Amino acid sequence: MNDPYNLQRFTDAQQSNYKTALAEIKQGNKQSHWMWYVFPQIAGLGFSDMSKRFAIANLSEAEAYLQHPVLGTGLLDICNELLVLPGNNAHTIFGSPDDMKLQSSLTLFASVNKPNPLFRAVLNKFYNGAKDEKSLQLIQGNTLA
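Below you can see the structure in the form of structure tokens.
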């Protein structure tokens with residue numbers, strides 16, 4: 226299969242613990258370390274090795290992630306679970322800084338061409354609809370580059 230964005234890095238990482246991530250979200254309490262590759266962010270936000278490894282370069286890569294049969298479906302499934310949780314405090318579920326990473330990831334995927342309304346719904350629930358400004362700046366810069 227053609228993989229110009231090396232999305233295999235995400236499927237490899239998720240293979241060992243996506244089910245754990247989904248179970249933690251269903252319980253409303255993220256406990257283990259999977260944020261980078263389940264809710265990836267636009268490149269330029271994080272500076273750790275993991276952040277850089279799993280950064281999404283641009284909207285084209287984000288669209289490819291969403292169109293991937295495993296990654297896209299998995300992201301939508303976990304976002305659906307967020308919507309059915311009681312409450313609207315991302316910090317309670319994710320802690321810090323993962324609550325901010327969630328907003329950044331949702332901002333990225335809500336910015337693609339013809340985004341799934343689910344991303345906006347999760348932003349509405351947890352962030353009063355506010356997108357992450359730094360992500361928007363980086364997305365705009367990466368689009369122009």
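So the mapping is simple: this note's numbering equals the position in the sequence shown, first residue as 1, plus 225.
Beta carbons are placed, not taken as given, at the ideal position from N, Cα and C, and that holds for glycine.
Small disclaimer: the values here were computed from a predicted structure and weren't measured.
Residue interval of the alpha helix (DSSP H) (run including residue i)
i	result
Gly299	296-309
Pro340	Segment: none, Pro340 is in no alpha helix (DSSP H) and carries neither H nor E.
Asn242	233-251
Lys277	274-278
Ser285	284-292
C-beta atoms of residue i and residue j nearer than 9 Å
i	j	result
Ile364	Ser330	no
Tyr243	Ser285	no
Ile318	Lys255	yes
Leu296	Leu343	no
Leu307	Lys350	yes
Asp302	Thr332	no
Among the options, the one whose alpha carbon lies nearest that of residue i
i	options	result
Ala280	Asn254, Phe334, Asn338	Phe334
Asn367	Met325, His316, Gly269	Gly269
His293	Phe235, Gly320, Asn338	Phe235
Val347	Ser321, Asn338, Leu300, Leu361	Leu300
His316	Asp274, Asp324, Leu310	Asp324
Gln252	Ala238, Lys277, Gly312, Thr298	Gly312
Met260	Arg345, Leu361, Gln328	Gln328
Gln239	His258, Asp228, Asn227	His258
Asn338	Gln362, Ser321, Ala289, Gly320	Ala289
Nearest-angstrom beta carbon gap, residue j and residue i [assumed within contact, 8 Å]
i	j	result
Val263	Ala287	Their Cβ separation, rounded to whole angstroms, is 14 Å, which puts Val263 and Ala287 out of contact at 8 Å.
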